[in-house]
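Scroll down for the structure; my scribbles are underneath it.
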Amino acid sequence: MSAFYPDNFKSELKEKADIVQVISQFATLTPMGSNVFGICPFHNDHSPSMQIRPDTQTFYCHACGAGSKNHSTVQASDVYGFLKGILNVNMGGAIEWLSSFLNIPLPPMNPEEAKRENIRSQWVQYCEESGRRFHDRLLESTEGLNYLYNRGFDINDIKLWNLGLGDDQVYDFRNTKDRIVFSLYDYWGNLVSFTGRVLLPDNVFKAKNDQLKSDNKPTIVKYLDRIGLKKDDPNYANHPYPEFVKGDHLYGIHIAKDFIRRFGVAIIVEGWTDIIKLHKYGAQHAVATMGVALTLNQVKLLKRAGAKSAIIMRDGDPAGEAAIQRDSKILKENGIEPLVLALSPGLDPCTVCDNFNMVDDSFVRFIERYTIPVNQYRLKRIYQETHDEIVYHQSRISGLQNERMRKVIEVLSSIEDPVEKDIYVRQASELFGINYESIQAHVSHYQEKGVFMVR
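Residue numbers for the sequence shown follow the numbering used here, so the first one is 5 and each next one is one higher.
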């Protein structure tokens with residue numbers, strides 16, 4: 005049986021490794037600006053096609069696609085992805101090579117740890133096999149592809165995020181049948197779960213909309229409903245693997261972590277379609293909480309990825325506003341500066357992206373322009389929540405002030421002695437905080453016309 009090692013040791017090795025030094029053990033590298041290039045060892049390369057980025061500790065071959073989902077075997081772009089491909093070993097073998105290279109002793113594995121790691125590894129392999137089958141089935145489904153195309157996704161998104169069309173070939177994932185399937189990866193890029201979006205038959209779709217119309221509620225776009233793998237979890241999938249908890253994972257973290265480390269900031273949204281769109285439009289440091297409140301374990305993942313601050317970009321509805329308050333609190337308590345990008349009512353990050361040009365950085369500039377500190381957001385919320393009420397009371401106060409002024413003018417106009425009248429006009433000016441000349445003008449107008457001046 006292959007050796008299994010704890011995730012914290014795996015992460016420790018990766019953080020201490022320099023991917024340039026590792027790859028230089030297998031290929032001749034040449035610095036070019038801020039990047040490094042070399043002959044790709046994964047195909048018959050005749051020019052430096054492999055690019056290594058020291059800032060993100062990743063590699064990618066522009067010729068064969070190694071280091072991306074476009075390659076048949078070498079799909080991970082980190083140091084472990086390179087080592088597994090070049091050495092033709094599993095993760096345990098890559099860890100052992102890197103441990104020896106860095107001169108860091110391997111940790112002892114007790115029987116319970118080894119058993120737990122073995123169970124998890126088998127589950128990941130099980131998920132990956134199903135994920136490949138789902139993905140291939142989607143590529144053959146005109147209806148499934150058209151649904152995604154109509155939502156603004158393309159074939160590159162489908163491949164990058166390993167989207168699929170579920171089936172019932174295995175018991176654990178039988179409820180994914182004929183549903184668009186989204187693959188859920190853990191921090192290290194292991195496929196650990198799925199979530200499905202229902203493909204509603206036409207008659208079901210029509211019945212649902214007829215019911216919504218009769219209830220005077222907005223109708224839905226076909227296939228909008230989501231369903232998980234358990235009846236008590238209607239939005240996202242759980243499965244029999246006992247250690248999988250949504251609150252321990254962030255959707256998109258396996259891709260976003262390199263960009264979070266590069267920028268020092270993460271973007272937090274709610275759903276998986278939000279993430280695919282944000283990454284597509286240049287915000288590749290975004291992750292999703294998958295419909296749950298931000299948890300302590302999710303915050304720990306952000307810190308592991310190097311986030312010093314986090315932009316909270318929740319849906320523009322009361323639930324989103326409440327989530328901002330909760331998210332900002334747990335982020336601040338754990339040393340991550342909370343920032344806020346508040347969306348207008350009725351909007352979510354996915355729909356906001358559609359207002360921007362994908363080929364430029366306009367969406368990223370939008371994020372930079374409208375992101376504010378959480379305390380500024382709170383002050384704006386207080387202003388917005390009380391503004392209408394204040395305007396209402398101000399209008400009432402204005403009416404009361406006008407009525408009071410009329411009574412004052414009536415009293416002053418009844419005084420015949422000019423000297424006495426002037427004394428009381430000055431007293432009224434001081435008492436009510438109204439300009440002396442203004443009161444005089446109102447009194448004169450009332451005495452001459454018999455009506456009050458229009459203010």
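The beta carbon of each residue, even a glycine, is placed where N, CA and C say it ideally should be. In this text the structure is predicted, and so the values were computed from the model without any measurement.
Notebook entry, point to check: Going by C-alpha distance, which of Gly-168, Gly-193, Asp-190 is nearest Asp-182?
Noted result: Counting from one through the sequence shown, the residue named residue 182 turns up at place 178. The option with the nearest alpha carbon to Asp-182 is Gly-168.
Notebook entry, point to check: Taking Cβ to Cβ, would you say Asp-49 is nearer than 9 Å to Cys-65?
Noted result: Sequence index remark: in the sequence shown, residue 49 carries index 45 (1-based). Sequence index remark: in the sequence shown, residue 65 carries index 61 (1-based). Yes, the Cβ-Cβ distance between Asp-49 and Cys-65 is below 9 Å.
Notebook entry, point to check: In its own chain, which residues sit with a C-beta less than 7 Å from the C-beta of Tyr-440, not counting the 5 before and 5 after it?
Noted result: What you label residue 440 is simply residue 436 of the sequence shown in a count that begins at 1. Once the five neighbours on either side are set aside, the close Cβ partners of Tyr-440 are Val-429, Arg-430, Ser-433.
Next item on the list: Pull up the DSSP beta-bridge partners for Asn-39, would you.
Entry: Looking up residue 39 in the sequence shown gives position 35. Bridge pairing for Asn-39: Met-36 [DSSP].
Check: Under 9 Å, do Arg-522 and Gly-310 count as touching if we go by C-beta distance?
Finding: The structure shown has nothing for residue 522, since the chain only spans 5 to 459.
Margin query: Assess contact between the segment 190 to 203 and the segment 98 to 111, defined as three or more Cβ pairs (one per stretch) separated by less than 8 Å. Is contact present?
Written below: Contact between the segment 190 to 203 and the segment 98 to 111 is absent, because fewer than three Cβ pairs lie under 8 Å.
Notebook entry, point to check: Roughly how many angstroms separate the alpha carbons of Trp-127 and Arg-120, rounded to a whole number?
Noted result: For the purposes of this step, residue 127 is identified with residue 123 of the sequence shown, where counting begins at 1. For the purposes of this step, residue 120 is identified with residue 116 of the sequence shown, where counting begins at 1. So the alpha carbons of these two residues sit roughly 11 Å apart.
Item checked: For Pro-349, the three-state DSSP class (helix, strand or coil) -> Position 345 of the sequence shown, counted from the start, is the residue given in the question as residue 349. In this structure, Pro-349 counts as coil in the three-state DSSP scheme.
Checklist line | Candidates Asp-321, Lys-336, Arg-330, Asn-361, of which the one nearest Ser-348 by Cα | finding: Taking the sequence shown and counting its residues from 1, one reaches residue 348 at position 344. The shortest Cα separation from Ser-348 among Asp-321, Lys-336, Arg-330, Asn-361 belongs to Asp-321.
Check: Between Phe-138 and Ile-162, what straight-line distance do the alpha-carbon atoms span, to the nearest angstrom?
Finding: In the sequence shown, residue 138 corresponds to position 134, counting from 1. In the sequence shown, residue 162 corresponds to position 158, counting from 1. Roughly 11 Å separates the two Cα atoms.
Margin query: Going by the DSSP bridge assignment, what does Thr-62 pair with across the sheet?
Written below: Looking up residue 62 in the sequence shown gives position 58. Paired residue(s): Arg-57.
Next item on the list: State the beta-bridge partners of Ile-315 as determined by DSSP.
Entry: Within the sequence shown, residue 315 is the residue found at index 311, counting from 1. Looking at the DSSP output, Ile-315 bridges to Ile-271, Leu-343.
Next item on the list: Quick one: residues in its chain with C-beta nearer than 8 Å to the C-beta of Lys-20, no 5 flanking neighbours on either side, listed in chain order?
Entry: As a working mapping, residue 20 is identified with position 16 in the sequence shown. Non-local C-beta neighbours of Lys-20 in its own chain, meaning closer than 8 Å and more than five positions away in sequence, comprise Leu-106, Ile-108, ordered along the chain.
Check: Cα separation between Arg-318 and Ser-15?
Finding: As a position in the sequence shown, residue 318 is number 314, starting the count at 1. As a position in the sequence shown, residue 15 is number 11, starting the count at 1. Distance between Arg-318 and Ser-15, taken at the CA atoms: about 29 Å.
Check: Per DSSP, Tyr-189 forms a beta bridge with which residues?
Finding: Here residue 189 corresponds to residue number 185 of the sequence shown, with the count starting at 1. In DSSP, Tyr-189 forms a bridge with Leu-195.
Item checked: C-beta contact flag for Val-291 and Ile-257 at 9 Å -> Residue mapping note: residue 291 aligns to position 287 of the sequence shown, counting from 1. Residue mapping note: residue 257 aligns to position 253 of the sequence shown, counting from 1. In this structure, Ile-257 lies closer than 9 Å to Val-291 by Cβ.
Item checked: Limits of the unbroken alpha helix (DSSP H) element including Ala-326 -> One-based indexing of the sequence shown puts residue 326 at position 322. Per DSSP, the continuous alpha helix (DSSP H) segment holding Ala-326 begins and ends at 322 to 337.
Item checked: Nearest candidate by alpha-carbon position, reference Asn-361, set Ile-413, Ile-438, Leu-282 -> Position 357 of the sequence shown, counting from 1, holds the residue named residue 361. The residue with the shortest Cα to Cα distance from Asn-361 is Leu-282.
Check: Can you tell me where the beta strand (DSSP E) with His-291 in it begins and where it stops?
Finding: For the purposes of this step, residue 291 is taken as the residue at position 287 of the sequence shown. Per the sequence shown, the amino acid found at residue 291 is Val instead of His. Start and end: 290 to 292.
Notebook entry, point to check: Smallest Cα separation from Phe-263: which of Gly-37, Leu-17, Thr-60?
Noted result: Locating residue 263 in the sequence shown gives position 259, where the first residue counts as 1. For the options Gly-37, Leu-17, Thr-60, the alpha carbon positioned closest to that of Phe-263 is the one of Thr-60.
Note to self: Let's test the definition: count the other Cβ atoms within 10 Å of the Cβ of Gly-437 and tell me whether it reaches 16, buried, or not, exposed.
What the structure shows: Stepping through the sequence shown from its first residue, residue 437 is reached at position 433. With fewer than 16 other Cβ atoms from the protein chains shown falling within 10 Å of its own Cβ, Gly-437 counts as exposed.
Checklist line | Per DSSP, the bridge partner or partners of Ile-184 | finding: Taking the first residue of the sequence shown as position 1, residue 184 is located at position 180. Leu-169, Arg-201.
Notebook entry, point to check: Roughly how many angstroms separate the alpha carbons of Asn-379 and Glu-325, rounded to a whole number?
Noted result: Here residue 379 is taken as the residue at index 375 of the sequence shown, counted from 1. Here residue 325 is taken as the residue at index 321 of the sequence shown, counted from 1. Computed Cα separation, rounded: 14 Å.
Next item on the list: Would you mind sorting Val-415 into buried or exposed? The rule is 16 or more other CB atoms within 10 Å of its CB.
Entry: Your numbering for residue 415 matches position 411 in the sequence shown. Exposed, by the Cβ-count rule.
Check: Where does Ile-386 fall in DSSP's three states?
Finding: Along the sequence shown, one-based indexing puts residue 386 at 382. If DSSP states are grouped into helix, strand and coil, Ile-386 belongs with the helices.
Next item on the list: Return yes when at least one heavy atom of the ligand HEM lies under 8 Å from the C-beta of Ser-81, else no.
Entry: As for the ligand HEM, it is missing from this structure, which has no ligand bound.
Notebook entry, point to check: Per DSSP, Ile-376 is paired with what?
Noted result: The count along the sequence shown starts at 1 and reaches residue 376 at position 372. Answer is Val-344, bridged to Ile-376.
Item checked: Buried versus exposed, by CB contacts within 10 Å (16 or more), Pro-246 -> Reading the sequence shown from its first residue, position 242 is the one you call residue 246. Its pLDDT being 49, under 50, Pro-246 is placed unreliably by the model, and nothing is read from it.
Item checked: 9 Å Cβ cutoff met for Lys-312 and Ile-340 -> Within the sequence shown, the letter at position 308 stands for residue 312. Within the sequence shown, the letter at position 336 stands for residue 340. Going by C-beta atoms, Lys-312 is nearer than 9 Å to Ile-340.
Note to self: Could you compute how far the alpha carbon of Asn-301 sits from the alpha carbon of Val-249?
What the structure shows: If you number the sequence shown from 1, residue 301 lands on position 297. If you number the sequence shown from 1, residue 249 lands on position 245. Straight-line Cα distance between these residues: approximately 10 Å.
Notebook entry, point to check: Which value, in whole angstroms, describes the spacing of the CA atoms of Gly-232 and Asn-179?
Noted result: Within the sequence shown, residue 232 is the residue found at index 228, counting from 1. Within the sequence shown, residue 179 is the residue found at index 175, counting from 1. Only weak support is given to the placement of Gly-232: the predicted model assigns it a pLDDT of 39, under 50, and the value that follows is read from those uncertain coordinates. Cα-Cα distance, rounded: 8 Å.
Checklist line | Rounded separation between Leu-228 and Thr-277 - CA only | finding: Sequence index remark: in the sequence shown, residue 228 carries index 224 (1-based). Sequence index remark: in the sequence shown, residue 277 carries index 273 (1-based). Because the pLDDT at Leu-228 is just 40, under 50, the model does not fix this residue reliably, and the point stays unresolved.
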